[in-house]
Amino acid sequence: MPPRRLQHSKDIRAVFAAGQASHGPSVAVRGRERDDAAGVARVTVSASKQLGGAVHRNRAKRRIRAALGHIEVPAGWDLVVLAKAAASSAPFDALVLELQQNVSRLARRRKVPA
């Protein structure tokens, strides 16, 4: 099932507060596993003004959202994907691969219940 949008600011703050991070040249991914791990994955994409004008930021976000459709996001996870400058110009296949590697890295590092 494709991921839903992570919309509420309290949920995004929770990802930054309790989540883990994984970085690459085009994107940085922060994520946390929710308590209802059986639920659908939720994702938000963000690009700061340091990336450039609205055209560059929106292009980077569109490319990342399209790449997210090509990867498997674990159910029950909240992800915040932060675009970097290379996200708007990197080859699409490389962007998909980088996102998959970052999400897989987060899933491997997940907290195991004691």
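In this note's numbering, the protein residues as written are 902 to 1015. Glycine included, C-beta positions come from ideal geometry on N, C-alpha and C. Just so we're clear, the structure is a prediction, and the values are computed from it rather than from any experiment.
Rounded to whole angstroms, the gap between the alpha carbons of Arg943 and Arg935 is 10 Å.
Note on geometry: alpha-carbon atoms of Leu969 and Ala976 lie some 14 Å from one another. By the Cβ criterion, the segment 954-966 is not in contact with the segment 911-918, since fewer than three pairs of Cβ atoms, one from each stretch, lie closer than 8 Å.
For Arg1009, the number of other beta carbons within 10 angstroms of its own is below 16, and it is reported as exposed. The beta carbon of Ala929 sits closer than 6 Å to those of Leu983, all from its chain and outside the five residues before and after it, given in chain order. Taken through DSSP and simplified to helix, strand or coil, Leu983 comes out as strand. Secondary structure remark: continuous beta strand (DSSP E) runs of at least 3 residues inside the segment 905-971, in chain order: 921-924, 928-934, 943-947.
Taking the Cβ atoms as the reference, Ser923 lies roughly 5 Å from Leu1007, within the contact range of under 8 Å. For Glu999, the enclosing alpha helix (DSSP H) begins and ends at 993-1009.
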